[in-house]
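Q: In the numbering used here, the protein residues as written are 15 to 686.
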Amino acid sequence: MRWTIAARVSAGVIAIALVAAVAPASDDPRAQLAVPVASVVAPAASGVDPGTRARALGATECADASGALCGVLRVPHDWRVADTPTLLLAFKFYRHTRGSTPASAATTLFLGQDIGDPMIADGDPIPHRILGRTFGDRDVLVIDRRGSGLSEAIDCPAMQHGSVDIASSTFSCALHLGNALDDYGAAYSARDANALRLELGIPQVDIIALGYGGMDAMAYTARFGASVRSVVFASSIGPASFNFLSSLHAVSALTRRTIIGLCSGSAECRDRPGSPLDDLAWAARSVTENPLRGVAVDDEGEARDVKVTQATLVYASHFEHGPALPAWLAAAASAYRAGDPVPLLRIGAEVQAQNARGSSGAAEVHSAAAFFAATCADNATPPWSPGLLDWERSITAERVARGIPPLTLWPWSMRAMLPRTERAWETELSLCSLWPDVPDAEVPLEPHTTLPDVPVLAVVGTFDADAPAENTIRDAQQFRNSHVLRIDQVPHNAAQLSCGPLRIQQFMTELGDVQPCAWAVHWYVQPSFPVAAADISTDYLTRSSRDESTTFDRRVAASVWRTVLDSWIQTTDRDFGRYYGLRGGTVVTTQTLAGYSMEFDNYRFVEDVAVTGRLLAPFGSDPVSVTVRVTGPRGPVGILTLLGRLGTNRDGEMSIAGTLAGHVISLTTSTL
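1. Specify the secondary structure class of residue 75 as computed by DSSP and reduced to three states.
2. Taking C-beta to C-beta, are residue 108 and residue 156 nearer than 9 Å?
3. Using the C-alpha atoms, what's the distance from residue 387 back to residue 198?
4. Since residue 408 is in the alpha helix (DSSP H), which residue starts that stretch and which ends it?
5. Any idea what DSSP makes of residue 549, helix, strand or coil?
6. Buried or exposed: which applies to residue 529, given that a residue is buried once 16 or more other Cβ atoms fall within 10 Å of its Cβ?
7. Residues in the same chain with beta-carbon distance under 6 Å from residue 757, minus the five sequence neighbours each way, listed in chain order, please.
8. Indicate whether the contact test is met: 3 or more Cβ pairs, each with one atom in the segment 358 to 368 and one in the segment 305 to 316, closer than 8 Å.
9. Quick check on residue 285: does DSSP put it in helix, strand or coil?
10. Relative to the C-alpha of residue 522, which residue among 411, 131, 151 is closest?
11. Please tell me whether residue 307 and residue 320 are closer than 9 Å, where the distance is taken between their beta carbons.
12. Anyone know if the C-beta pair for residue 595 and residue 581 falls short of 9 Å?
13. Could you give the first and the last residue of the continuous beta strand (DSSP E) run that contains residue 226?
14. Could you tell me which residues DSSP puts in a beta bridge with residue 99?
15. Three or more beta-carbon pairs under 8 Å between the segment 221 to 230 and the segment 124 to 138, yes or no?
16. Going by Cα to Cα distance, which pick from 671, 608, 499 is closest to residue 13?
17. Mapping the DSSP letters down to three states, classify residue 543 as helix, strand or coil.
18. Counting pairs of Cβ atoms below 8 Å between the segment 445 to 465 and the segment 383 to 399, do you hit three or more?
19. Would you grab the beta carbon distance between residue 489 and residue 247 for me? Rounded to a whole angstrom, and I think it's under 8 Å.
20. Any idea what DSSP makes of residue 54, helix, strand or coil?
21. Taking only three categories from DSSP, how would you classify residue 328?
22. Could you pull the DSSP bridge partners for residue 629 from this structure?
23. Around the Cβ of residue 166, are there at least 16 other Cβ atoms within 10 angstroms (buried) or fewer (exposed)?
24. My assumption, with CB atoms under 8 Å, is that residue 195 sits in contact with residue 188. Please give the rounded CB distance.
25. Grab me the residues of residue 341's own chain with a C-beta within less than 6 Å of its C-beta, minus the 5 sequence neighbours each way, in chain order.
26. I'd like to know whether the C-beta of residue 584 is nearer than 9 Å to at least one C-beta of chain C.
27. Would you call the CB atoms of residue 290 and residue 330 closer than 9 Å?
28. Helix, strand or coil: how does DSSP classify residue 364 here?
29. So, helix, strand or coil for residue 669, using DSSP?
30. For residue 135 and residue 216, what's the separation of their Cα atoms in angstroms?
31. What's the C-alpha gap between residue 376 and residue 132?
32. Measure how close the beta-carbons of residue 401 and residue 451 come, nearest whole angstrom, since I'm counting them as under 8 Å.
33. According to DSSP, simplified to helix, strand and coil, what is residue 350?
34. For residue 689 and residue 491, I'd like the C-alpha separation in whole angstroms.
35. Between the Cα of residue 117 and those of 154, 104, 83, 92, spot the shortest distance and give me the residue it belongs to.
36. Ordered along the chain, which non-local residues of its own chain (more than five positions away) have a Cβ less than 6 Å from that of residue 568?
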């Protein structure tokens, strides 16, 4: 989903500390219950082929022609209650395709993603990307977490579609779930995964925990450690992320770190007058005193009456949109300070659109209710006492938060971080303040639980707004045999970028330390938002001996380059689909297992230069190619092809070639 509520709490915006249950010694679910569940879970005998057992459960070949088996297992709705109803747990099992036996007796088990989002997808692109060429060497098991995707996704229509205010929709959803409020936490998700493992006769698992899967993995290893061979925490969210005060600080700290880090890597940003952080702080103060109002289109082209406050900027600073967004926000603040409000209004329109849309779409695609039910069941130690009303919780949390020295939140103010007046999605207080107390939930992890001595790898991105690297590492270091792979300038999908997949594959083979990445993903910054081509600098363009460009040609070429960069920044880390240019036009992004493409139609970054054409970005080391027809201030001017690598510091040049106004263009620009 685009910029979902799941991203907000998973980013640690106002996360809450956790406590959990004591881990039982046995890994057989029947030994942990006061309920006979043999009719629900009948563990297979050891040595039984998991594929054969899956077929015995009724699994059949998946409709996506992946060669996997798709099926369901009935598990207890409440693992601690006798004669409980059951729910369906959907799974997808890939049997190894190379060799008579898999490379490891342990099955690779994928847990997680954002709460409410499915793991099972056509072709399962994320597991394929992470395991790469080794995918066929191992048995692979993918599960849709209870309440999400194909595992009976929870659907609370008012919350799902934002048809009423969030307080009312939360109340009605809680009534709908009733006694099942505490059935969707990480502890039960772990029990589900273990029940499926036993049913399929799988002796051990290598867990790859993505996003909130980190919480599920911690709960699983605490209870069923004997069945765990290794764990990879891939930008995951575990107990360390659920701390109220540190997460408040993390929002502002990450904004500062990202803007400073990105700007220092961009010559254009370094050389600009003034500091982008100072401009952002100025804009934050300005819109607090006098909110910016106007009309702007959102990312889907809908015109909106916009009101930009500091709370809007705080919200925008940690969208699940890659680390470039804070820099994009700072550039919009700089433009606003210079008298151009369009970019900042555009950001405000996109925030407002997300607030209005809520989760939207089908619950199977993203269940807002599953997000609440899981996260709030696991939030065992919020900064308020049980039994308080939501407004009392907000006041209590604000009192606690005021213990933070104000400068630690700069460039944001406490008022913007904890607004009590803006009760919709914009509020920076944990949405669990609106969710009923869940005192009976089985908590994921006892604070002093001794976790099994298994090899663990934490793969983290230094610019991760959803799961701060420090927190993922802290979770991994609860295991004695832990290793860390930090990937510079990478956001929440570190396991899929730079050398992340290769190092995960190496770790799963060697179960030891891994080498750092030799190259890093590079995220671009927009140091400014020029209104027209005449405002764009061409100092960073280098001419070859064949180049015939005039000053006007080079300004147009630079505008095309910045247009491509802007489209890359705005669409990276977002759903594939149609997006609108800052000042008009559209780009449609699509993806296959080989790569993805972007189709431009009159797409505009500045007012007087538009591009129409295609960008092709193969996965792997192949360069990005862009071929576009350019329309300039004086009408059609020619065709340009851009060739180079985006998103990496390898081979850091982009060539710009073609013709403009009949002149041969042959330019290069650094992509760093």
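By construction, the Cβ of each residue, glycine as well, lies at the ideal position given by its N, Cα and C atoms.
Keep in mind the model is a prediction, meaning the values are calculated, not measured.
A: Well, looking at it:
1. As a position in the sequence shown, residue 75 is number 61, starting the count at 1. It is a strand residue.
2. Position 94 of the sequence shown holds residue 108. Position 142 of the sequence shown holds residue 156. In this structure, residue 156 lies closer than 9 Å to residue 108 by Cβ.
3. Reading the sequence shown from its first residue, position 184 is the one you call residue 198. Reading the sequence shown from its first residue, position 373 is the one you call residue 387. Separation of residue 198 and residue 387 (C-alpha to C-alpha, rounded to the nearest whole angstrom) is 6 Å.
4. Looking up residue 408 in the sequence shown gives position 394. Residues 404 to 415.
5. Position 535 of the sequence shown, counted from the first residue, corresponds to residue 549. Three-state DSSP puts residue 549 in a helix.
6. Position 515 of the sequence shown, counted from the first residue, corresponds to residue 529. Result: exposed.
7. Since the first and last residues shown for the chain are 15 and 686, residue 757 lies out of range.
8. The segment 358 to 368 vs the segment 305 to 316: in contact.
9. Within the sequence shown, residue 285 is the residue found at index 271, counting from 1. Correct three-state label for residue 285: helix.
10. Within the sequence shown, the letter at position 508 stands for residue 522. Comparing Cα positions, the closest option is 151.
11. Taking the sequence shown and counting its residues from 1, the one referred to as residue 307 is at position 293. Taking the sequence shown and counting its residues from 1, the one referred to as residue 320 is at position 306. Yes; because the gap between Cβ atoms is below 9 Å, this pair is in contact.
12. Taking the sequence shown and counting its residues from 1, the one referred to as residue 595 is at position 581. Taking the sequence shown and counting its residues from 1, the one referred to as residue 581 is at position 567. Taking 9 Å as the Cβ cut-off, residue 595 and residue 581 qualify as a contacting pair.
13. Residue 226 sits at position 212 when you count from the first residue of the sequence shown. Element bounds for residue 226: n/a, residue is neither H nor E.
14. Residue mapping note: residue 99 aligns to position 85 of the sequence shown, counting from 1. Paired residue(s): none; residue 99 is not in a bridge.
15. They touch, by the three-pair rule.
16. The structure shown does not extend to residue 13, since the chain is modelled only from 15 to 686, so the question has no answer here.
17. As a first step, residue 543 is located in the sequence shown; it is residue number 529 there, counting from the start. In this structure, DSSP gives residue 543 a state outside helix and strand, which the three-state scheme calls coil.
18. Contact holds: three or more Cβ-Cβ distances are below 8 Å.
19. Here residue 489 refers to the residue found at position 475 of the sequence shown. Here residue 247 refers to the residue found at position 233 of the sequence shown. Contact flag correct, Cβ pair sits at about 6 Å.
20. Position 40 of the sequence shown, counting from 1, holds the residue named residue 54. Its pLDDT being 44, under 50, residue 54 is placed unreliably by the model, and the measurement read from it follows with that caveat. It is coil, neither helix nor strand.
21. In the sequence shown, counting from the first residue as 1, residue 328 sits at position 314. It is helical.
22. Indexing the sequence shown from 1 puts residue 629 at position 615. Answer is 612, 640, bridged to residue 629.
23. Position 152 of the sequence shown, counting from 1, holds the residue named residue 166. Buried, because 16 or more other Cβ atoms sit within 10 Å of the Cβ of residue 166.
24. Position 181 of the sequence shown, counted from the first residue, corresponds to residue 195. Position 174 of the sequence shown, counted from the first residue, corresponds to residue 188. That pair is a contact at about 6 Å.
25. On the sequence shown, position 327 is the one that residue 341 refers to. Counting only Cβ-Cβ distances below 6 Å, and skipping sequence neighbours, we find 273, 276, 539.
26. Of the chains in the structure shown, none is chain C; there is only one protein chain.
27. Residue numbering aside, residue 290 sits at position 276 when the sequence shown is read from its first letter. Residue numbering aside, residue 330 sits at position 316 when the sequence shown is read from its first letter. Not in contact: residue 290 and residue 330 (Cβ atoms no closer than 9 Å).
28. Start at 1 with the first residue of the sequence shown, and residue 364 comes out as number 350. In the three-state reduction of the DSSP assignment, residue 364 falls in the helix class, which pools H, G and I.
29. Here residue 669 refers to the residue found at position 655 of the sequence shown. Reduced to three states, the DSSP call for residue 669 is strand.
30. For this step, residue 135 is matched to residue 121 along the sequence shown. For this step, residue 216 is matched to residue 202 along the sequence shown. Straight-line spacing of the CA atoms in residue 135 and residue 216 works out to 22 Å.
31. Taking the first residue of the sequence shown as 1, we reach residue 376 at position 362. Taking the first residue of the sequence shown as 1, we reach residue 132 at position 118. Rounded to whole angstroms, residue 376 to residue 132 spans 12 Å at the Cα level.
32. Here the question's residue 401 lines up with position 387 in the sequence shown. Here the question's residue 451 lines up with position 437 in the sequence shown. Right, their Cβ atoms sit about 7 Å apart.
33. As a first step, residue 350 must be located in the sequence shown, where it is residue number 336. Helix at residue 350.
34. Residue 689 is absent from the model: the chain starts at 15 and stops at 686.
35. Taking the first residue of the sequence shown as 1, we reach residue 117 at position 103. Nearest to residue 117 by alpha-carbon distance, out of 154, 104, 83, 92, is 154.
36. Taking the sequence shown and counting its residues from 1, the one referred to as residue 568 is at position 554. Sequence-distant Cβ neighbours of residue 568 in its own chain, meaning closer than 6 Å and more than five residues away, are 552, 555.
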